[in-house]
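Visitor: Heads up, the sequence shown is in my numbering, so the first residue is 29 and it goes up one at a time. Built from N, CA and C at the ideal position, the CB exists for glycine as well.
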Amino acid sequence: MAEKILKNRVCIIGSGNWGSAIAKIVGRNAARLPNFEDRVTMWVYEEMIEGKKLTEIINETHENVKYLPGHKLPPNVVAIPEVVDAAKDADLLIFVVPHQFVRTICSTLLGKIKPTAAALSLIKGFDIAEGGGIDLISHIITRCLKIPCAVLMGANIASEVAEEKFCETTIGCRDVLLAPMMRDIIQTEYFRVVVVDDEDAVEICGALKNIVAVGAGFVDGLGFGDNTKAAVIRLGLMEMIKFVDVFYPGSKLSTFFESCGVADLITTCYGGRNRRVAEAFVKTGRSIKELEDEMLNGQKLQGPITAEEVNHMLANKNMENKFPLFTAVFRICRGELKPSDFINCIRSHPEHM
29 MAEKILKNRV CIIGSGNWGS AIAKIVGRNA ARLPNFEDRV TMWVYEEMIE GKKLTEIINE
89 THENVKYLPG HKLPPNVVAI PEVVDAAKDA DLLIFVVPHQ FVRTICSTLL GKIKPTAAAL
149 SLIKGFDIAE GGGIDLISHI ITRCLKIPCA VLMGANIASE VAEEKFCETT IGCRDVLLAP
209 MMRDIIQTEY FRVVVVDDED AVEICGALKN IVAVGAGFVD GLGFGDNTKA AVIRLGLMEM
269 IKFVDVFYPG SKLSTFFESC GVADLITTCY GGRNRRVAEA FVKTGRSIKE LEDEMLNGQK
329 LQGPITAEEV NHMLANKNME NKFPLFTAVF RICRGELKPS DFINCIRSHP EHM
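1) Can you give the Cα-Cα distance for Tyr276 and Lys270, rounded to whole angstroms?
2) Return the CA-CA distance between Pro62 and Gly245, expressed in angstroms with no decimal places.
3) Within 8 Å, do at least three Cβ pairs link the segment 298 to 315 to the segment 329 to 349?
4) Look up Val179 in the DSSP assignment and say whether it is helix, strand or coil.
5) Quick one: any contact between the segment 42 to 56 and the segment 98 to 111, if contact means 3 or more CB pairs under 8 Å?
6) Taking the alpha helix (DSSP H) that Ile214 falls in, what are its first and last residues?
7) So, do the segment 125 to 144 and the segment 177 to 193 have three or more beta carbon pairs nearer to each other than 8 Å?
8) Pairs of beta-carbons, one from the segment 224 to 243 and one from the segment 274 to 289, closer than 8 Å: are there three or more?
9) Might you give, ordered along the chain, the residues of its own chain that have their beta carbon closer than 6 Å to the beta carbon of Glu267, omitting 5 neighbours on each side?
10) Just how far apart, CA to CA, sit Ala306 and Lys94?
11) When you compare each of Pro143, Asn92, Glu74 and Gly139 to Glu110 by their alpha carbons, which one comes out closest?
12) Quick check: what's the CA-CA separation for Ser149 versus Leu34?
13) I'd like to check one pair, Thr69 with Ile133: are the Cβ atoms closer than 9 Å?
14) What's the gap between the Cα of Cys373 and the Cα of Leu365?
15) Short of 6 Å in beta carbon distance, which residues of its chain neighbour Val338, apart from the five on each side in sequence? Order them along the chain.
16) Should Ile169 and Val38 be called a contact, given that it needs their Cβ atoms to be closer than 9 Å?
17) Going by C-alpha distance, which of Asn184, Glu188, Arg314 and Ile151 is nearest Val290?
18) Look up Met70 in the DSSP assignment and say whether it is helix, strand or coil.
19) Report yes if the C-beta distance between Arg67 and Val112 is below 9 Å; otherwise report no.
20) Is DSSP giving Leu82 helix, strand or coil here?
21) Which runs of the beta strand (DSSP E), 3 residues or longer, sit entirely within the segment 268 to 329?
22) To which residues of the same chain is Arg359 closer than 6 Å at the C-beta, ignoring the five residues directly before and after it?
23) Rounded to a whole number of angstroms, what is the C-alpha to C-alpha distance between Leu342 and Ala118?
24) When you compare each of Leu120, Thr197 and Asn238 to Arg220 by their alpha carbons, which one comes out closest?
25) Could you have a look at Ala259 and say whether DSSP puts it in helix, strand or coil?
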């Protein structure tokens, strides 16, 4: 008798534009690979769309009409409105929700998932730890659910991934046994994966680049040119490296040259939603909240939230002056400074001293 292959079951927790783009990849790979169960569950926060439940629309039409319209999901991806129902049998939980919901979701899942499960976080952002400071999302997932959690970050604009345009991504995973399984379920001919063991630095890059992208959007809104934007990107990268060095020592400089680092920074500063909304913020004078409602279907912009969390940490160490770009973005988003003050804030950057 042939030996039975143990099949891994996959659950995607989240179904925004990025979650849906990843569901397209994961669904196809699960159906193709012998070591994965065909059926992939996707937890969908239930909403009504023109009188019909979003989960029903996805399961009938195989399209997330709200967050990824125009792209068909594989038929083996099943939308489920209850997160416990979606996750309870999974061997791999792929987290793709806004970072502010992670703790609530984890407490709902506690004791209701397989103790042998593993997680992969695609969530870009931090959470504020109790008593101040930053909590990494992967650390929260591991602590709450008592399972290992790797991270995936890269130059991956969801709409382009959904259109199957060639790109790279980075998986940060310390566990040499889990890493190949995670790479297999994610990698395609157009979505290429590099695995590194520097989990924390990979994750931090994915959050900090959104702050820099807001700065890049300010530059575009103010009408400065490519030279200025390049300077902002470079100074932002230096602040990212310094931040990791100060708060998470022991990371490798080489990680910043993977897709999760400089590549993601460039693409976000030229094409991402943080840049786009920040540009509109300068040009229209309207609030970030108004622009989120209008431009992002009400989804929250990560850059301003992350800037606030980072500032909390810098202020605790009295280091705001060492990170003038991060600090300027925070203060402009809060309304303490005008966007036109941005360049003056970085003119005397410590990098220039």
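Guide: Judging by the given coordinates:
1) 10 Å
2) 45 Å
3) Counting C-beta pairs with one atom in each stretch, the segment 329 to 349 and the segment 298 to 315 have three or more that are closer than 8 Å, which means they touch.
4) strand
5) yes
6) Taken as a continuous stretch (DSSP letters only), the alpha helix (DSSP H) holding Ile214 covers Leu206 to Ile214.
7) no
8) yes
9) Phe351, Leu353 and Phe354.
10) About 23 Å.
11) Glu74
12) Looking at the backbone, the Cα of Ser149 and that of Leu34 are separated by about 23 Å.
13) Not closer than 9 Å, so no.
14) 10 Å
15) Phe354
16) No; because the gap between Cβ atoms is not below 9 Å, this pair is not in contact.
17) Asn184
18) In this structure, Met70 counts as strand in the three-state DSSP scheme.
19) no
20) helix
21) none
22) Leu365
23) 38 Å
24) Thr197
25) Of the three classes helix, strand and coil, the one that applies to Ala259 here is helix, per DSSP.
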